[in-house]
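Just below is one structure, and these are the notes that go with it.
Number of protein chains: 2
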Amino acid sequence: MTTARERPTLEAVARRAGVSRATVSRVVNGSTTVAEPIQEAVRQAVRELGYVPNLAARSLVTQRTDSIALVLPESATRVFSDDQFFPGIIRGVSQELEAADKQLVLMMASSTASQERIERYATGRHVDGVMFASMHGVDPLPGALARMGIPVICNGRPLGRAAASVPYVDVDHVGGVTTAVRHLLDSGRRRIATIAGPQDMVGGIDRLTGYRNALQDSGCRSIVAVGDFTRESGAQAMRQLLNDDPHLDAVFVASDLMAHGALRTLREAGRRVPDDVAVIGFDDIEIARYTDPPLSTVRQPIHEMGREMTRQLLRLAAGEEIELALILPTELIVRESS
Amino acid sequence: MTTARERPTLEAVARRAGVSRATVSRVVNGSTTVAEPIQEAVRQAVRELGYVPNLAARSLVTQRTDSIALVLPESATRVFSDDQFFPGIIRGVSQELEAADKQLVLMMASSTASQERIERYATGRHVDGVMFASMHGVDPLPGALARMGIPVICNGRPLGRAAASVPYVDVDHVGGVTTAVRHLLDSGRRRIATIAGPQDMVGGIDRLTGYRNALQDSGCRSIVAVGDFTRESGAQAMRQLLNDDPHLDAVFVASDLMAHGALRTLREAGRRVPDDVAVIGFDDIEIARYTDPPLSTVRQPIHEMGREMTRQLLRLAAGEEIELALILPTELIVRESS
DNA sequence: ATGAAAGCGCTAACAC
DNA sequence: GTGTTAGCGCTTTCAT
Chain A
2 MTTARERPTL EAVARRAGVS RATVSRVVNG STTVAEPIQE AVRQAVRELG YVPNLAARSL
62 VTQRTDSIAL VLPESATRVF SDDQFFPGII RGVSQELEAA DKQLVLMMAS STASQERIER
122 YATGRHVDGV MFASMHGVDP LPGALARMGI PVICNGRPLG RAAASVPYVD VDHVGGVTTA
182 VRHLLDSGRR RIATIAGPQD MVGGIDRLTG YRNALQDSGC RSIVAVGDFT RESGAQAMRQ
242 LLNDDPHLDA VFVASDLMAH GALRTLREAG RRVPDDVAVI GFDDIEIARY TDPPLSTVRQ
302 PIHEMGREMT RQLLRLAAGE EIELALILPT ELIVRESS
Chain B
2 MTTARERPTL EAVARRAGVS RATVSRVVNG STTVAEPIQE AVRQAVRELG YVPNLAARSL
62 VTQRTDSIAL VLPESATRVF SDDQFFPGII RGVSQELEAA DKQLVLMMAS STASQERIER
122 YATGRHVDGV MFASMHGVDP LPGALARMGI PVICNGRPLG RAAASVPYVD VDHVGGVTTA
182 VRHLLDSGRR RIATIAGPQD MVGGIDRLTG YRNALQDSGC RSIVAVGDFT RESGAQAMRQ
242 LLNDDPHLDA VFVASDLMAH GALRTLREAG RRVPDDVAVI GFDDIEIARY TDPPLSTVRQ
302 PIHEMGREMT RQLLRLAAGE EIELALILPT ELIVRESS
């Protein structure tokens, strides 16, 4: 049943239609310089034989594959958690790729083995370009691929040397956080803590930097706990902060998911939000509108970032020059608690 | 920076090492019939030139690509929701593929355009085989690919004609549900309702069949509401059931996520679980252990199903014969409420 | 053990 | 407009 039945080639179609291979190729690829009756004859032969072009052969000569990889250096468990970052990026990417009629190839890589397989896959020219998102630490792969002449773009400024050579799309973490912390200062808060994100990810690092910058000018001291962007880590970090400074009156949390966990801890500890403690998150995920009280947050355009990243990569793959960095704006969303 | 710098070919490596292309090919592919000093010379040339084999050229001659597609005919939003089915399957698939050193290519297809792109991709021999999961309605693609001689396997019995020709891996929905409903009957319940899954998916259909079968022998009448496997639809369906029969004393819910929603509705309606209404779900997702009360459920081995499906596909791709259907057992998990 | 040579199926000049 | 031809980069007999 699955005997790889002889599949018809261009040659076979050409014979059947009584034309040359070149003509069949033209028709298949939609060239207009073929007489209508011949086009029809070819199409019929294609139909009768069930001909489908062999992509390997095609890309061997065209040097294109019309597919693009999105690499997520995360475990499947993490990618499919309730962190809305991943679906946001993927939807943005899919949308642009669909418009360009390119195929998305999604690759997750947690183990070293899978990283190597991805490297082979990309350097072997299986894809026309590679996008990276949710990167951790100093990843050598983007730089390595770029050096081999493969179009590469990162979501989030890459850490390490790659930052200077691999183009990226990111949001203005520092600006957004600064605005948020200033807002807290302006509303009279003085003991402003933060729950930072993982310090091996650029989002985690930059948002902590933003917090520190904003406080520096104010004379307030910084109070820091670190989470890993999960809800549970937010709850845990909040407990630690309350322990470190029971009198804190505000907290900036580097992700809404962590902020959600932090709200739970605050409630358990009998603190009223925002009366006793003001909370501002980051991401503007759906759930932020439904927490009690609704969460003020810094909105970052994740979906737009996915789209923009894709557009940039396609330009790169088309041989155009692009900017090294494209930074999208963030926006403080203040939600009055009811 | 992204000038697709001339990439070295076998030819170049051969010249540099002073051997023939054939010898380089042998070394690169790990043939043992090459003298050690020559092997070393070749490896050095490969290193110096940064040679990477062109996969398109290779698969043109070998007729293999060493990559396998997993097609999910769902939107990204759905795939990345909190339905734990997707990560379970994907983890199982990844694990087996990794062991076989094959690359996973994940493809989501909601629109017609993306379905066509996937068809081109697979028929164009970009992958050595295709797996389908979470299928809706009668999907012609699996059968079409199989007819072209492409190894195909489905997760869940395909609906329509494909059921007879495309091999699949599924769990024993009917058996599991029957056991569950019998358990309710045995514990004295007589007004047993069900919240069914979507009736365009085999899981939804078969679980409803199981429910009907089990009731048929008992003389109890069936009370049915239909959801779409989401939590919200479960809450909604439960409201309808309570409306249809305020005196129902049990409900079998076709997924734990819907059961979670149903529990909420029951609580809101002032029904005690399990005293007033017994609830049994399906899936045994993590959250079932933490609901109030903990949820009895039918466990299906999703991760194992992903692994088994992959193993079967790899056998198929290797030219072996496989069974048309492989059905994994389900198991009733009874959780005593505290 | 190594090399020569024949393709794999397709596209793209270049002729006509 | 259509056909002829020369590869794309690799593997794999078949000689040696």
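Protein sequence lines correspond, in order, to chains A and B. Just so we're aligned: 180 in our numbering is position 179 of the first sequence, and the numbers increase by one with no gaps anywhere. Just so we're aligned: 294 in our numbering is position 293 of the second sequence, and the numbers increase by one with no gaps anywhere. We put the beta carbon where it would ideally sit given N, CA and C, even for glycine. Nothing here was measured: the structure is a model prediction, and the numbers come from that model.
Presumed contact (8 Å Cβ cut-off) between residue i and residue j, rounded CB distance
| i | j | result |
| --- | --- | --- |
| V170(A) | L327(A) | 5 Å |
| I69(B) | V128(B) | 6 Å |
| T195(B) | V175(B) | Not a contact, Cβ separation roughly 13 Å. |
| L267(A) | G282(A) | The pair is not a contact, with the Cβ atoms about 13 Å apart (cut-off 8 Å). |
| T331(B) | D173(B) | 5 Å |
| M239(B) | A263(B) | 4 Å |
| T24(A) | V47(A) | That belief does not hold up - the Cβ atoms of T24(A) and V47(A) are roughly 12 Å apart, past 8 Å. |
Identity of the residue in the options nearest residue i by Cα
| i | options | result |
| --- | --- | --- |
| H304(B) | V28(B), T66(B) and I90(B) | I90(B) |
| E7(B) | L242(A), I281(A), D293(A) and R126(A) | R126(A) |
| L329(A) | Q64(A), E99(A), S82(A) and N156(A) | N156(A) |
| L105(B) | Y122(A), E99(A) and G93(A) | Y122(A) |
| D341(A) | P275(A), M306(A), V299(A) and I286(A) | Because residue 341(A) is not part of the residues shown, which for chain A are 2 to 339, the question remains open. |
| E41(A) | V20(A), T10(A) and A58(A) | V20(A) |
| M259(A) | V178(A), D84(A) and L50(A) | D84(A) |
| R308(A) | T231(A), R79(A), T10(A) and A101(A) | A101(A) |
| A58(A) | V72(A), T10(A), L71(A) and G31(A) | T10(A) |
| R190(A) | V280(A), T210(A), G205(A) and A270(A) | V280(A) |
| R232(A) | G220(A), V28(A) and I288(A) | I288(A) |
| Y52(B) | T33(B), L71(B) and V29(B) | V29(B) |
| D277(B) | I193(B), R336(B) and L216(B) | I193(B) |
| Q64(A) | E321(A), R222(A) and T124(A) | T124(A) |
| G205(B) | D246(B), C221(B) and F253(B) | F253(B) |
| M306(A) | S60(A), L50(A) and P88(A) | P88(A) |
| A164(A) | L209(A), V203(A) and R265(A) | V203(A) |
Neighbour-count burial assignment, residue i, 16 or more Cβ in a 10 Å radius
| i | result |
| --- | --- |
| H248(A) | exposed |
| V182(B) | buried |
| T4(B) | With a pLDDT of only 44 at T4(B), under the threshold of 50, the placement of this residue in the model should not be trusted; the figure read from the coordinates follows. With fewer than 16 Cβ atoms within 10 Å of its Cβ, T4(B) is classed as exposed. |
| L107(A) | buried |
| S339(B) | Per-residue confidence for S339(B) stands at a pLDDT of 40, beneath the threshold of 50, marking its modelled position as unreliable; the derived number appears in the next sentence. So S339(B) ends up on the exposed side. |
| A18(B) | buried |
| Y212(B) | buried |
| P38(A) | exposed |
| N244(A) | exposed |
| Q313(A) | buried |
| G177(A) | buried |
| H261(A) | buried |
| S82(B) | buried |
| H137(B) | exposed |
| E75(B) | buried |
| L325(A) | exposed |
| V62(B) | exposed |
| G93(B) | buried |
| V131(A) | buried |
| S112(A) | exposed |
| I151(B) | buried |
| V335(A) | exposed |
| G144(B) | buried |
| G271(B) | exposed |
>> Please give me, in chain order, every unbroken run of the alpha helix (DSSP H) with length at least 4 that falls completely inside the segment 188-243 of chain B.
In response: 203-217
>> Residues of the segment 44-61 of chain B in Cβ contact with chain A at a cutoff of 9 Å, in chain order, please.
In response: G51, V53, P54, N55, L56, A57, A58, R59, S60 and L61
> What beta strand (DSSP E) runs, 3 residues minimum, are completely inside the segment 25-109 of chain A?
Replying inline: 68-73 and 104-109
>> Runs of 3 residues minimum, wholly inside the segment 249-295 of chain A: which ones carry the beta strand (DSSP E) assignment?
In response: 251-254 and 279-284
> In chain order, what residues of the segment 109-124 of chain B put their CB closer than 8 Å to some CB of chain A?
Replying inline: M109, S112, A114, S115, R118, I119, R121, Y122 and T124
> Quick one: complete beta strand (DSSP E) runs, 3+ long, within the segment 121-162 of chain A?
Replying inline: As far as the segment 121-162 of chain A is concerned, its whole beta strand (DSSP E) runs of at least 3 residues are 130-133 and 153-156.
>> Under 7 Å, CB to CB, which of the residues in the segment 88-99 of chain A have a partner in chain B?
In response: P88, I91, R92, S95 and E99
>> If the cut-off is 7 Å on Cβ atoms, which residues from the segment 73-85 of chain A count as contacting chain B, listed in chain order?
In response: A77, T78, F81 and D83
> Of the residues that make up the segment 243-270 of chain A, which ones have a beta carbon closer than 8 Å to any beta carbon in chain B?
Replying inline: none
>> To be precise: take each residue of the segment 141-162 of chain A, compare its Cβ to all Cβ atoms of chain B, and keep it if any distance is under 9 Å. Which residues remain?
In response: A147, R148, M149, G150, I151, P152 and V153
> Of the residues that make up the segment 303-317 of chain B, which ones have a beta carbon closer than 7 Å to any beta carbon in chain A?
Replying inline: Listed by position, the residues of the segment 303-317 of chain B near chain A (Cβ gap below 7 Å) are L317.
> Taking Cβ-Cβ distances below 8 Å as the criterion, which residues of the segment 214-232 of chain A are in contact with chain B?
Replying inline: none
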